[in-house]
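Data first, discussion second: the structure below is written as structure tokens.
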Amino acid sequence: MTATAPATAPVTEITYREAMREAIADALRRDERVFLMGEDVGRYGGSFAVSLGLLAEFGPERIRDTPLSESAFVGAGIGAAMAGMRPIVEIMTVNFSLLALDQILNNAATLLHMSGGQVNVPLVIRMATGAGRQVAAQHSHSLEAWYAHIPGLRVIAPATVEDARGMLWTALQDPDPVLIFEHTSLYNLKGTLPADAGATGIDRAAIRRPGGDVTLIAYGGTLTKAMDAAERLAGDGIGAEVIDLRTLRPLDDATILGSVARTHRAVVIDEGWRSGSLAAEISARIAEQAFYDLDAPVQRVCSAEVPIPYARHLEEAALPQPEGIVAAARAVAG
Amino acid sequence: MSARRSRPAATAPAAAGTALPAPRRAEAAAGEPGRGGAAGGREHRRDLLRRMLLVRRFEEKCAELYSGGEIRGFVHLYIGEEAVAAGVLAALAGEDNIVSTYREHGHALVRGLPLDCVMAEMLGKQTGCSRGRGGSMHLFDVSHRFYGGNAIVGGGLPLAIGIALADKMRGRQGVTACFFGDGAVAEGEFHECMNLAALWRLPVLFCCENNFYAMGTALERAQAQTDLALRAASYGMPAWPVDGMDVLAVEEAARGAAEAVRSGAGPHFLELRTYRFRAHSMYDPELYRDKAEVERWRARDPITLLADRLMGAGEIADTDVAADDQAAVRAVEAAAEAARAAPAEPVSDLTRYVYSERPA
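The listed protein sequences derive, respectively, from chains W and P. As numbered in my numbering, residues 1 to 334 make up the first sequence, in order. As numbered in my numbering, residues 1001 to 1360 make up the second sequence, in order.
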């Protein structure tokens, strides 16, 4: 994606990692209630180097290293948010978020309702997600769908440098808990931003490439694969429209259904396992609300239902790839 | 400040009813007032009695309403443990925060949540303190800094840490009191939180209500080391056991600990040894403990203990106790009637409070 910058703002090239770092630093400067807390966010500079250098500017109170106690520090983030702070809790990866799942589900997502509207939790939790780095089964999960299942949470997945820069501030303004999933394959992604780039919305999906023949619905780490597939399909004369979901809960039905109404075909790409996936939810919504718009069954391109293996060729075979997306799109557009 | 304890392991619960060790501290924290200090007057002691009576009569009414089908779900009665809530909360101020468990009716009432609102919540009414969405296990009142009954064992501990962290970062005065049971000590989350609170010297008063049973599992059947204060002390925080049936001992210990926490001395831990006279919940047939054990503890009923003491000292007469008891019964009956008459939340509001309501 290229940003459309006003003539006055110079455009700079930036990585997704740097954009996220700028977003955190900007939030820390603008709101004294904001602080970053997590494992190795301070002296180490962040497991994925997102927070590198922030300790020097903001100090150890606001760039707060924690012990390896996911349940305690995620819960502490919830408590601090209840008491008026605006914490950004970094969980190193989604894999370790399972150690804090009770706090996220039974407290963060639930306190507002359970208290009859008294206790809101303005907390942001960031975590890296996804496979593709040959780190094997325990470090390769894509569990966004688990969290998107939970009422009370908002779940977002920035897939571009603009969104890495812009979604955090908006998430921090939300009075309720927001989970940000950052796919590890995106940290080195380069893009351009105007120097005065700021907040972006967290309500709507975005059409990243227009097309009239088939809708490819993707998010996070699968967006680049869908864009790659769309380019290949264009070579075959098939116009693929690519939707970047951006927000996984609540889903932006209007953008999805509007596109399907134009293309009459949909392929959902999801790095989660197929059974019970976000792709399943999106397919169901299309079937429920746009059945008579469809000229072909909805297709899904998901991860194979295996623990993600280490060997490169096996891992690649387990994950959605542009070739599979192209094949699925051709099957429905043919 | 660190108090390393060297006392032998706790007395086995079967004998604890009569052989509970005298409350003591391994090393005294600074600033602990003796009994009879600012809050230690005659009227204050009678107030403690009144609060315990209110809790007792409230809980008995809940059992009755449960039997009649007006209260449903899970209900965990506090009968037998009243001295803990009354004593600890007497040592706290309005600026302090409270995080509690699913056995929290007593904490809520002693903290001062309106009796009508608590009873209405038991009946699932709109006028309940959680608008009927929480029930017995989830009483909330932010205006009293009462951050809930939490029904996941240990689940409130991280919240307490976080509230205390926010207070510390904002330079706000305030102690966060966190109640939990002996069962929570077996949770990994407990140990994460002890470590984090001590590491960051957070203003938390940990109040472990050791009633010697995690539901039906006796302490010594679940814990390799049954001296719970000793385990907390291993994290470098002052920790000591307290006779949880003696409300004056509880208040004295809590006052000293709370003042130390307030002065910036970091987290403190009280192991309040107590006993629930009733079943774990309304479904519990109590197959796991014998009646003789229950009777031994009942002989140290915290209400009788205090009433006898005050009467023995000539502070009050038996007619005063009877009058306070009758007042508690009347208040509870009135609250139950009000709750019955209160409106129910309309089903059209079912999905409110899932997300914050924002101006359109």
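The beta-carbon is built from N, C-alpha and C at its ideal position, and this holds for glycine as well. Owing to the predicted nature of the structure, the values given are computational and were not obtained by experimental measurement.
Roughly how far, in whole angstroms, is the beta-carbon of threonine 263/W from the beta-carbon of glutamate 241/W, given that I think they are within contact range, below 8 angstroms? So it is a contact: roughly 6 angstroms between Cβ atoms.
Excluding five sequence neighbours on each side, which residues of the same chain lie with their C-beta closer than 7 angstroms to the C-beta of leucine 1228/P? So the qualifying residues of the chain are Asp1182, Val1185, Cys1208, Asn1210, Glu1271.
Straight-line gap, asparagine 95/W to proline 309/W (C-alpha atoms, nearest Å): So the two alpha carbons sit approximately 15 angstroms from each other.
Start and end residues, beta strand (DSSP E) containing lysine 190/W: Where lysine 190/W is concerned, the enclosing beta strand (DSSP E) stretches over 190-194.
Helix, strand or coil: how does DSSP classify aspartate 270/W here? Strand, per DSSP.
Please classify histidine 313/W as buried or exposed, where buried requires at least 16 neighbouring CB atoms within 10 angstroms. Classification of histidine 313/W: exposed, given that the 10 Å Cβ count is below 16.
Can you tell me whether serine 1130/P is buried or exposed, with buried defined as 16 or more other CB within 10 angstroms of its CB? Buried, by the Cβ-count rule.
In terms of DSSP beta bridges, what is isoleucine 282/W paired with? According to DSSP, which records beta bridges pairwise, isoleucine 282/W is partnered with nothing at all.
Do valine 267/W and glutamine 289/W have their beta-carbon atoms positioned less than 8 angstroms apart in this structure? No, Cβ-Cβ distance for glutamine 289/W and valine 267/W is not below 8 angstroms.
Going along the chain, which residues of its own chain have a beta-carbon closer than 7 angstroms to the beta-carbon of glutamate 1187/P, five neighbours each way excluded? For glutamate 1187/P, where only same-chain residues beyond five positions count, the Cβ hits under 7 angstroms are Val1153, Gly1154.
Chain P partners of glutamine 339/W, CB-CB under 7 angstroms? Residue 339/W cannot be examined here, being either before or after the span of chain W that is shown, 1 to 334.
Per DSSP, what kind of secondary structure is methionine 1215/P in: helix, strand or coil? In the structure shown, methionine 1215/P sits in coil (DSSP, three-state: anything other than H, G, I, E or B).
Just checking: is the beta-carbon of alanine 1028/P within a distance shorter than 8 angstroms of some beta-carbon in chain W? Residue confidence is low: alanine 1028/P scores 34 on pLDDT, short of 50, so the model does not pin down where it sits. Its coordinate-derived value is still stated next. Residue-level contact check: alanine 1028/P does not touch chain W, since none of the beta carbons of chain W fall below 8 angstroms from its beta carbon.
Please report the straight-line C-alpha distance between serine 327/W and glycine 235/W, rounded to a whole angstrom. First, the amino acid is wrong: residue 327/W is alanine here, not serine. Cα to Cα, the separation comes out at about 14 angstroms.
Among Val1110/P, Arg1103/P, His1107/P, Phe1140/P, which has the Cα closest to the Cα of glutamate 1375/P? Since the first residue of chain P shown is 1001 and the last is 1360, residue 1375/P is not available in this structure.
Would you report the Cα separation of leucine 1350/P and leucine 153/W, rounded to the nearest angstrom? If you draw a straight line from the Cα of leucine 1350/P to the Cα of leucine 153/W, it comes to about 17 angstroms.
At a CB distance below 7 angstroms, what residues from the region 1095-1118 of chain P approach chain W? Give them in sequence order. Within the region 1095-1118 of chain P, no residue has a Cβ that lies closer than 7 angstroms to any Cβ of chain W.
Against chain P, which members of the region 93-115 of chain W pass a CB distance test of less than 8 angstroms? Only Asp102, Gln103, Asn106, Asn107, Leu111, Leu112, His113, Met114, Ser115 from the region 93-115 of chain W bring a Cβ to less than 8 angstroms from some Cβ of chain P.
Quick one: is leucine 28/W buried, meaning 16 or more other Cβ sit within 10 Å of its Cβ, or exposed? Around the Cβ of leucine 28/W, a 10 Å sphere holds 16 or more other Cβ atoms; the residue is buried.
Under a three-way DSSP split, which group does histidine 141/W fall into? Assigned with DSSP and collapsed to three states, histidine 141/W falls in coil, not helix or strand.
Does the Cβ-Cβ distance between methionine 127/W and isoleucine 91/W come in under 8 angstroms? Yes.
When you compare the CB of alanine 1344/P with every CB in chain W, is at least one pair closer than 8 angstroms? Taking a beta-carbon distance threshold of 8 angstroms, alanine 1344/P does not count as an interface residue toward chain W.
Reducing DSSP to helix, strand and coil, say where glutamate 1286/P ends up. Glutamate 1286/P falls in the coil class under three-state DSSP.
Alpha helix (DSSP H) segment containing threonine 263/W, residue limits: Unbroken alpha helix (DSSP H) run through threonine 263/W: 253-263.
Let me make sure I understand the geometry here. Which of Gln1173/P, Phe1206/P, Gly1132/P, Thr1127/P has the alpha-carbon closest to that of isoleucine 1161/P? Minimum Cα-Cα distance from isoleucine 1161/P among the listed residues Gln1173/P, Phe1206/P, Gly1132/P, Thr1127/P corresponds to Phe1206/P.
Mind checking if isoleucine 1163/P is an interface residue toward chain W, Cβ cutoff 8 angstroms exclusive? Closer than 8 angstroms: yes.
Could you name the residues of chain W that serine 1130/P contacts, counting a contact when the two beta carbons are closer than 7 angstroms? Going along chain W in sequence order, the residues near serine 1130/P (Cβ under 7 angstroms) are Met114, Ser115, Gly116.
Apart from the five residues on each side of it in sequence, which residues of its chain come closer than 7 angstroms, Cβ to Cβ, to arginine 249/W? Taken in chain order, the residues that qualify are Ala148, Leu153, Arg154, Val155.
If you measure beta-carbon to beta-carbon, which residues of the region 1041-1058 of chain P are closer than 8 angstroms to chain W? Cβ contacts with chain W come from no residue of the region 1041-1058 of chain P.
Sort Glu315/W, Val301/W, Gly334/W by Cα distance to glycine 324/W and report the nearest one. The residue with the shortest Cα to Cα distance from glycine 324/W is Val301/W.
Which of helix, strand or coil DSSP assigns to alanine 1232/P: Here alanine 1232/P carries a helix assignment [DSSP, helix/strand/coil].
Considering only residues of the same chain and omitting the five flanking positions on each side of arginine 1201/P, which have a CB-CB separation below 7 angstroms? Within its own chain, the residues whose Cβ lies closer than 7 angstroms to the Cβ of arginine 1201/P, once the five positions on either side in sequence are excluded, are Gly1266, listed in chain order.
Would you tell me roughly how many angstroms separate the C-alpha atoms of methionine 20/W and threonine 222/W, rounded to the nearest one? Going by C-alpha positions, methionine 20/W is about 19 angstroms away from threonine 222/W.
I need the straight-line Cα distance from glutamate 1082/P to alanine 1091/P, nearest angstrom please. Those two C-alpha atoms are separated by around 15 angstroms.
Would you list the residues sitting across from methionine 37/W in a DSSP beta bridge? Looking at the DSSP assignment, methionine 37/W forms a beta bridge with Arg64/W, Val89/W.
By the three-class DSSP mapping on this structure, what secondary structure does asparagine 120/W have? Looking at asparagine 120/W - three-state DSSP - the assignment turns out to be coil, as it is neither helix nor strand.
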